[in-house]
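Residues in the sequence shown are numbered consecutively from 1, following UniProt numbering. One structure is given below, encoded as structure tokens.
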Amino acid sequence: MEYGVLHAEDILPSMTPDICIVNFYTNNGKLGLHQDRDESRESLQKGLPVVSFSIGDSADFLYGVRRNEEEAEWVMLESGDVLIFGGEFRHIFHGVPSILPNSAPKELFRDSGLSPGRLNLTFRQY
Numbered sequence: 001m002e003y004g005v006l007h008a009e010d011i012l013p014s015m016t017p018d019i020c021i022v023n024f025y026t027n028n029g030k031l032g033l034h035q036d037r038d039e040s041r042e043s044l045q046k047g048l049p050v051v052s053f054s055i056g057d058s059a060d061f062l063y064g065v066r067r068n069e070e071e072a073e074w075v076m077l078e079s080g081d082v083l084i085f086g087g088e089f090r091h092i093f094h095g096v097p098s099i100l101p102n103s104a105p106k107e108l109f110r111d112s113g114l115s116p117g118r119l120n121l122t123f124r125q126y
């Protein structure tokens, strides 16, 4: 398979987010593999993207086509990372098995008053 430069609009439908889900993970926080299916049938059928912002400590992020941690791939999400999944990948299973304590930029907690852990803001269109 050949890879080339793609523009987001070529592979992801555009959306107008009207939902923001806020999750805070403590140092021992986690979230099992799941699919995001709470939006309207139309949004789900169109594959409208989920846009997720990570703030604070880093997290291991698992994802895969089946709800099986053994088969899942993973990526490290660090403070400031933005993860977008939509289109044909909108229904992937995904989760956070662990948070890496003390991995955020020191200034973030000092200057913001944010508690240690990971703050995740997830935007969707219903």
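Ideal Cβ positions, reconstructed from N, Cα and C, are used throughout, including at glycine.
By Cβ distance below 7 Å, which residues in the same chain neighbour residue i in space, the five residues on each side in sequence not counted?
i	result
Ile11	Gly87
Ser40	Tyr126
Arg67	Leu33 and Phe93
Glu2	Unreliable placement is indicated for Glu2, whose pLDDT of 47 sits below 50; no coordinate value is reported for it.
Ala104	Gly56, Asp57 and Ser79
Phe85	Pro49, Val50 and Ile92
Would you identify the three-state DSSP class for residue i, choosing helix, strand or coil?
i	result
Ser58	strand
Leu108	helix
Gly80	coil
Gly29	coil
Leu88	Residue identity check: residue 88 is Glu in the sequence provided, not Leu. Three-state DSSP puts Glu88 in a helix.
Leu100	strand
Glu42	helix
What residue range is occupied by the uninterrupted beta strand (DSSP E) comprising residue i?
i	result
Arg124	Arg118 to Arg124
Pull up the CB-CB distance for residue i and residue j, whole angstroms please, since I reckon it's below 8 Å.
i	j	result
Val96	Lys30	6 Å
Gly113	Tyr25	That belief does not hold up - the Cβ atoms of Gly113 and Tyr25 are roughly 17 Å apart, past 8 Å.
Asn120	Ser54	6 Å
Glu70	Leu62	No, Glu70 and Leu62 are not in contact; Cβ-Cβ is about 10 Å, not under 8 Å.
Looking only at its own chain, which residues have a Cβ that is under 6 Å from the Cβ of residue i, when we skip the five neighbours before and after it?
i	result
Glu78	Ser58
Phe123	Pro17, Cys20 and Val51
Asp60	Trp74, Pro97 and Ser98
Asp81	Ser54
Please go through the same chain and pick out, in chain order, the residues whose beta-carbon is closer than 8 Å to the beta-carbon of residue i, but skip the five residues on each side of it.
i	result
Asn27	Asp57, Ile99, Pro101, Pro116 and Gly117
Val5	With a pLDDT of only 49 at Val5, under the threshold of 50, the placement of this residue in the model should not be trusted; the figure read from the coordinates follows. Excluding positions up to five away in sequence, the list is empty.
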